[in-house]
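**Q**
Numbering (my numbering), first residue to last: 7 to 392.
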């Protein structure tokens, strides 16, 4: 069985849904193929850090007003363990109300799914597992299983937003393994500061505390070989070790919730476009969580591709010219985000003494130059094109 549409979206995560929602009034026939059900995201333990720029995009999509459990970030405190340097990034320096926001991934996913269900202009298929994606000079062909049957969908443009698994065998991405894992948990402390996020660089890697629900969402980077040990420490040991690495800025750590662990690597597609096909979000690039750039870059991928799809001339959707224009539009922001994130990880993981002293001095110096600090914060909030 075969059917036709203008755009087929592979993947029903927040980035794929954002792209589809941006097209709901475009007149284009859009089909979203989601392997899971609408309840799949509720078990995801991760918290997301959204930039103020991402809030603006979600507001344009009509999603922001419906989000609950959102904690604002007005200040980001950046420091290096065992060093004097530190810098503060503050929303007031950019004349915006907040730098960013923290919320559960499951909350964002559920809210966006609700918006998708209300968008009658869009076709949304759940339990639709895509098994192959092929393309030729005129169209893309998506094969998927749904309701026990194999089906095909022919589209002028296929948008891969599933994390990239679908195309990795035929088009292997570039992968850099940092040798690190992220241990995540919710922690409470004696001196909670409700709108301040902390990013602390240690010998193991960055340690982030994101304000949420009267405590903090912890993202603690550790070496791969230590991750299982850290996961299985008893609570007292975990909190004591956390205090040892983080210091006294939030007082004493009191409790830690359920922990989870994820391996960290930089994975990026060699090209974000193929014939009549575009990769966005984690399918295009999966980043280290330091600086919280991954989802925000993916959301900008979705928005700019949607605007390009709406604005392309009749008969040119998915064409080489359209895809080349999209690559050009996203090139600076994408490469800058990847380079900034990767550079931070590598720079602050190097324990060469002169470099360590230089990093500390740079943090202190940055705090003395408002223009440079504002430039960096603006790029983190809005991307290189912001």
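Where is the CB? At the ideal position from N, CA and C, for every residue including glycine.
Considering only the alpha carbon of each residue, which of 174, 84, 158 and 201 lies closest to residue 104?
**A** 201
**Q** I need the straight-line Cα distance from residue 177 to residue 234, nearest angstrom please.
**A** Using only the alpha carbons, I get a separation of about 32 Å.
**Q** Output the distance between the C-alpha atoms of residue 267 and residue 187, rounded to the nearest integer angstrom.
**A** 7 Å
**Q** Quick check: what's the CA-CA separation for residue 97 versus residue 83?
**A** 12 Å
**Q** Near residue 78, which residues of its chain fall below 7 Å by C-beta distance, leaving aside the five closest residues on each side in sequence?
**A** 104, 107 and 201
**Q** Judging by CA-CA distance, which residue of 55, 286 and 150 is the nearest neighbour of residue 111?
**A** 55
**Q** Answer with buried or exposed for residue 238, where buried requires no fewer than 16 other C-beta atoms within 10 angstroms of its C-beta.
**A** exposed
**Q** Taking the alpha carbon of residue 215 as the reference point, which residue from 242, 209 and 255 has its own alpha carbon closest?
**A** The alpha carbon of residue 215 has as its nearest neighbour, out of 242, 209 and 255, the alpha carbon of 255.
**Q** Taking all protein chains shown into account, do 16 or more other C-beta atoms lie within 10 angstroms of the C-beta of residue 142, making it buried, or fewer, making it exposed?
**A** exposed
**Q** Which of helix, strand or coil does DSSP assign to residue 360?
**A** Bear in mind that the predicted position of residue 360 carries a pLDDT of just 45, short of 50, making it unreliable; the figure below should be weighed with that in mind. Residue 360 falls in the helix class under three-state DSSP.
**Q** Count the other C-beta atoms from every protein chain shown that fall within 10 angstroms of the C-beta of residue 466, then say buried if there are 16 or more, exposed otherwise.
**A** No statement about residue 466 is possible, as the shown extent of the chain runs from 7 to 392 and does not include it.
**Q** Run the CB neighbour count on residue 80, radius 10 Å, all protein chains shown included, and call it buried at 16 or more, exposed below.
**A** Residue burial annotation: residue 80 is buried, with at least 16 other C-beta atoms found within 10 angstroms of its C-beta.
**Q** Just to confirm, are residue 226 and residue 63 a CB contact at a threshold of 9 Å?
**A** no
**Q** Quick check on residue 223: buried or exposed, where buried means 16 or more other Cβ atoms within 10 Å of its Cβ?
**A** buried
**Q** I'd like to know if the stretch 156–174 and the stretch 127–147 are in contact, where contact means that at least 3 CB-CB pairs between them fall below 8 Å.
**A** yes
**Q** Can you tell me whether residue 9 is buried or exposed? The criterion is at least 16 other CB atoms within 10 Å of its CB, across all chains shown.
**A** exposed
**Q** Helix, strand or coil for residue 256? Go by DSSP, reduced to three states.
**A** coil
**Q** Since residue 177 is in the beta strand (DSSP E), which residue starts that stretch and which ends it?
**A** No beta strand (DSSP E) holds residue 177; DSSP gives it neither H nor E.
**Q** Could you tell me which of 342, 251 and 348 sits nearest to residue 294, measuring between CA atoms?
**A** 348
**Q** Along the chain, where does the beta strand (DSSP E) containing residue 306 start, and where does it finish?
**A** For residue 306, there is no enclosing beta strand (DSSP E); the residue is part of the alpha helix (DSSP H) that begins and ends at 300–317.
**Q** Between residue 113 and the rest of its own chain, which residues show a CB-CB distance below 7 Å, the 5 nearest in sequence each way excluded?
**A** Excluding its 5 nearest sequence neighbours in each direction, residue 113 has C-beta neighbours in its own chain below 7 Å: 73, 74 and 75, listed in chain order.
**Q** Once you ignore the five residues that flank residue 122 on each side, which residues in its own chain have a CB closer than 6 Å to its CB?
**A** The answer, listed in chain order, is 23 and 130.
**Q** Going along the chain, which residues of its own chain have a beta-carbon closer than 6 Å to the beta-carbon of residue 316, five neighbours each way excluded?
**A** The residues 32, in chain order, have a CB closer than 6 Å to that of residue 316 in the same chain once the five nearest residues on each side in sequence are set aside.
**Q** Which class does residue 269 belong to by DSSP, given the choice of helix, strand or coil?
**A** strand
**Q** Which residue marks the beginning of the alpha helix (DSSP H) containing residue 115, and which one marks its end?
**A** 111–124
**Q** Beta-carbon within less than 7 Å of residue 262's beta-carbon, same chain only, minus the 5 sequence neighbours each way: which residues are those?
**A** 191, 193, 241, 244 and 245
**Q** Compare the Cα-Cα distances from residue 259 to each of 274, 269, 286 and 220 and report the closest residue.
**A** 220
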